[in-house]
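Reading through the structure tokens given below for one structure.
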Amino acid sequence: MIIDAKASADSRHVTAASPSSFMHLPIAQRCSTILTDVLGYSLEEVAYITGLTVPAVKAALHRGRSRLRDLAQASDGCVPPTLSLEDLRRLVKYVDRFNARDFDAVRDMLADGVRLELVARTRMEGRQQVSRYFHNYARLYDWRFVPGLVDRRPALLVLDPRDLAATPSYFILLEWADDAVASIRDFRHARYVADSAEMIVFGPAAGPS
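Numbering of the sequence shown is given in numbering that gives the first Met the number 0, commencing with residue 0 and proceeding in unit increments.
Structure (structure tokens):
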């Protein structure tokens, strides 16, 4: 196997980049670089997740890496970091488990003293109480989550699975304590808040079933 030194160097720029730097990329480049260099998916898996062909993924990955390298070398630097890559990985893990409807695995990610605010509805505290919150989502099919930022905070952006290209209808804010979810603020019943929020999507809307 011949190692492409330039590609390896470019991929290091990706893993060192601020997640907010990815917003300078078109969606295909953004998804390809994050899925390949940050999350470790193969080209074939990225093609399956995004709906692109493998050659299109390769092209998007090349352009995305080059753009991130140029941003890193720019005199004014990249956009200040607002989310570490470790936070992004934890967020993607939570999203993947939620979208797979593996709510037992989601509950395993909760801190013992986790706090939940279902905005405009109710508040809960503690793993036992908050665990009941997932029963409602288990009965619903009008959501699909993607990782992102809302006003520079880690968030789940919620899309209508019938129209994944539409603007997120609402969002859920998460806070972490080490690798556990310490706080959840769900705006499902306060969707008007999304109208004035700055929302940034970090990943693709669709994935393997």
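We put the CB at the ideal spot given by N, CA and C, even for glycine.
- A distance below 7 Å between beta-carbons, with the five flanking residues on each side excluded, links V192 to the following residues of its chain, in chain order: F186.
- In this structure, V180 places its C-beta atom within 8 Å of the C-beta atom of M108.
- For L38, the three-state secondary structure derived from DSSP is coil.
- Counting only residues of its own chain and dropping the five nearest sequence neighbours on each side, E174 has a CB closer than 6 Å to the CB of A181, S182.
- Straight-line spacing of the CA atoms in L148 and F21 works out to 12 Å.
- N135 and V157 have their C-alpha atoms some 15 Å from each other.
- Judged by their CB atoms, R184 and V118 are nearer to each other than the 8 Å cut-off.
- Our two residues, L163 and L51, have alpha carbons roughly 16 Å apart in a direct line.
- Between R152 and L172, the C-beta spacing is below 8 Å.
- In terms of Cα proximity to A110, the closest of E116, A104, R126, R120 is R126.
- The three-state secondary structure of S83, taken from DSSP, is coil.
- Here DSSP, grouped into helix, strand and coil, assigns Y140 to coil.
- Burial check for A27: the Cβ neighbour count within 10 Å reaches 16 or more, so the residue is buried.
- Annotation for T166: no residue places its beta carbon closer than 6 Å to its own, counting only its chain and skipping 5 residues before and after.
- R29 sits buried, since 16 or more C-beta atoms from the chains shown fall within 10 Å of its C-beta.
- Annotated as distal: P160 and V91, with beta-carbon spacing of 8 Å or more.
- V149 is bridged by DSSP to R152, M198.
- If you draw a straight line from the Cα of E116 to the Cα of P54, it comes to about 44 Å.
- Per DSSP, the continuous alpha helix (DSSP H) segment holding R106 begins and ends at 102 to 106.
- Using a Cβ distance threshold of 8 Å, R114 and V105 do not count as a contacting pair.
- Bounds of the alpha helix (DSSP H) holding R29 are 26 to 32.
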